[in-house]
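Presented below is the structure to which this report refers.
In this note's numbering, the protein residues as written are 11 to 170.
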């Protein structure tokens with residue numbers, strides 16, 4: 011009698027992915043050299059299951075927009091009818107205090123349903139400063155790395 015191959019097992023372990031940026035005064039989703047845009051790359055070793063989002067910022071007058079590079083989808087959309095990034099009144103994102111819970115208030119925003127970020131995927135964070143002063147920002151994506159293990163594959167080695 012033949013046995014079916016064992017299915018891979020998903021093992022989760024805690025992981026935090028961090029985006030750090032210093033946003034120059036009046037930067038509007040500017041390239042990296044102006045401090046308005048940063049890229050978060052999910053490590054290649056495992057998909058990331060995102061559960062919580064926490065933020066630190068020096069001013070609340072800051073907007074953030076996140077775009078997944080592989081699909082070019084934005085995480086926040088405007089209902090004003092202005093396309094993303096077009097025209098004088100283009101949608102520049104959401105105020106950071108509405109996007110993430112502040113660490114200064116001992117709070118992180120939970121995801122209603124965990125969001126899985128595929129291994130190796132890039133997420134472009136565009137920051138727009140409205141304060142007129144430099145703004146230091148840190149976003150912490152808190153969740154789990156999801157490693158696949160093949161049972162009986164010689165010492166529980168990862169198959170990814």
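The beta-carbon is built from N, C-alpha and C at its ideal position, and this holds for glycine as well.
None of these values were measured; they are calculated from a predicted model.
query                                                                                                              : result
Complete alpha helix (DSSP H) runs within the region 79-159 (minimum length 4 residues, chain order)               : 106-109
Burial state of residue 133, where buried means 16 or more other Cβ atoms lie within 10 Å                          : buried
Backbone CA spacing between residue 159 and residue 144 [nearest angstrom]                                         : 45 Å
Residue burial classification, residue 20 (beta-carbon count within 10 angstroms, cutoff 16)                       : exposed
Rounded C-alpha distance that separates residue 136 from residue 75                                                : 5 Å
CA-to-CA distance, residue 157 to residue 35, given in whole angstroms                                             : 41 Å
Beta-carbon proximity list for residue 85, same chain, < 7 Å, skipping 5 on both sides                             : 76
Beta-bridge partners of residue 57, as assigned by DSSP                                                            : 156
Outcome for residue 108 when other beta-carbon atoms lying within 10 angstroms are tallied against a minimum of 16 : exposed
Where the beta strand (DSSP E) containing residue 28 begins and where it ends                                      : 19-33
As assigned by DSSP and simplified to three states, the class of residue 51                                        : strand
Among 69, 118, 78, nearest to residue 131 - alpha-carbon criterion                                                 : 78
Separation of residue 114 from residue 139, as counted between CA atoms                                            : 20 Å
Through-space distance from residue 161 to residue 103, alpha-carbon basis                                         : 44 Å
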